[in-house]
Amino acid sequence: MDEYQRLIELPPFEKFDLLLVILFSILAGIISETLSYFLLYNRGDYRTKHNEAVQIYEQIFLCISRQFPYHVELNVKHDTLGKKGKNEKVTDQEELELKFLRKLNEIRDLRYLSTLITGVTFMTLMPVLMSLFEATPVGKLPFIPFKFMLYFTRSDLPGSDLTDVSPAFIYTIVIMLAKNNIKSYLGFAQPGGTLGELILKTKLREKGIEV
Numbered sequence: 001m002d003e004y005q006r007l008i009e010l011p012p013f014e015k016f017d018l019l020l021v022i023l024f025s026i027l028a029g030i031i032s033e034t035l036s037y038f039l040l041y042n043r044g045d046y047r048t049k050h051n052e053a054v055q056i057y058e059q060i061f062l063c064i065s066r067q068f069p070y071h072v073e074l075n076v077k078h079d080t081l082g083k084k085g086k087n088e089k090v091t092d093q094e095e096l097e098l099k100f101l102r103k104l105n106e107i108r109d110l111r112y113l114s115t116l117i118t119g120v121t122f123m124t125l126m127p128v129l130m131s132l133f134e135a136t137p138v139g140k141l142p143f144i145p146f147k148f149m150l151y152f153t154r155s156d157l158p159g160s161d162l163t164d165v166s167p168a169f170i171y172t173i174v175i176m177l178a179k180n181n182i183k184s185y186l187g188f189a190q191p192g193g194t195l196g197e198l199i200l201k202t203k204l205r206e207k208g209i210e211v
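Residue numbers are given in the UniProt record's numbering: position 52 of the sequence shown equals residue 52, and the series is strictly consecutive.
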């Protein structure tokens, strides 16, 4: 237990350095999303496409929520009465999903400006941060990471302690989290998230539908 506590305990100055890096990263995220808001999110065409994507996503969610409670009933109706049942509802849902994915692609085409802003902000502020904490670990991991992770967690830090964390690693993680949370707060987060989009694409491709 003492060894574990020793491993994760940071000296006071390192804790302060870690706090400074986190605050710096959050500030970088705020700057990036503020620029994106005025140059992209506030545009009429972007707002329109985003609102349309949200509405389609809500229709998909409604379609799914209605489908599952009546799963057996819909099968009976389709088999015995030949009326619109589960199979047609799934088709309608697939059409909505395709429409949703196309709308996301349209939004992504407009978002190149936001991506450019993020890249410029990230690359401009990174040297500033590294000059302040050159070759200085700002934290420690409570475990030894896998070898392939060391390039990201340690970067070019000197020394042999594999639990050291570089400021670049903290900066990258925190700025991504800050940007996503700010985007959600402003109401411009992607409906369903990136994982939801990937699941929809995988499901449609498994059914032989070109996405």
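Where is the CB? At the ideal position from N, CA and C, for every residue including glycine.
- [ ] Look up Gly-159 in the DSSP assignment and say whether it is helix, strand or coil.
- [x] For this step, residue 159 is matched to residue 159 along the sequence shown. Three-state result, Gly-159: coil.
- [ ] Could you pull out every residue in the same chain whose Cβ sits closer than 6 Å to the Cβ of Ser-114, ignoring the five residues on either side in sequence?
- [x] In the sequence shown, residue 114 corresponds to position 114, counting from 1. Only Ser-36, Leu-40 meet the Cβ criterion.
Task: Own chain partners of Arg-154 with C-beta closer than 6 Å, once the 5 adjacent residues on each side are dropped - done: The sequence position of residue 154 within the sequence shown is 154, counting from 1. Hits under 6 Å: Asp-164, Ser-166.
Open item on the list: Mapping the DSSP letters down to three states, classify Val-165 as helix, strand or coil.
Closed with: Within the sequence shown, residue 165 is the residue found at index 165, counting from 1. Strand.
Open item on the list: Which of the three DSSP states is assigned to Gly-192 in this structure?
Closed with: What you label residue 192 is simply residue 192 of the sequence shown in a count that begins at 1. Coil, per DSSP.
Task: Burial state of Val-76, where buried means 16 or more other Cβ atoms lie within 10 Å - done: Locating residue 76 in the sequence shown gives position 76, counting from the first residue. Confidence in Val-76 is poor, its pLDDT being 35 and thus under 50, which makes the residue's placement too unreliable to answer from.
- [ ] Please say whether Ile-56 and Leu-96 have beta carbons closer to each other than 8 Å?
- [x] Numbered from 1 along the sequence shown, position 96 holds the residue referred to as residue 96. Numbered from 1 along the sequence shown, position 56 holds the residue referred to as residue 56. Cβ distance < 8 Å, so Leu-96 and Ile-56 count as in contact.
Open item on the list: When you compare the region 193–204 with the region 41–50, are there three or more beta-carbon pairs, one atom per stretch, that lie closer than 8 Å?
Closed with: no
Open item on the list: In chain order, what are the residue ranges of uninterrupted alpha helix (DSSP H) at least 4 long that sit wholly in the region 25–69?
Closed with: 44–67
- [ ] Give every residue of the same chain whose Cβ lies closer than 8 Å to the Cβ of Lys-179, excluding the five residues on either side of it in the sequence, and list them in chain order.
- [x] Against the sequence shown, residue 179 aligns to sequence position 179. Only Gly-29, Ser-32, Glu-33, Thr-118 meet the Cβ criterion.
Task: Contacts around Ala-53, its chain only, beta-carbon distance under 7 Å, and the 5 residues preceding and following it disregarded - done: Residue numbering aside, residue 53 sits at position 53 when the sequence shown is read from its first letter. Same-chain partners within the cutoff: Phe-100, Lys-103, Leu-104, Ile-107, Pro-191.
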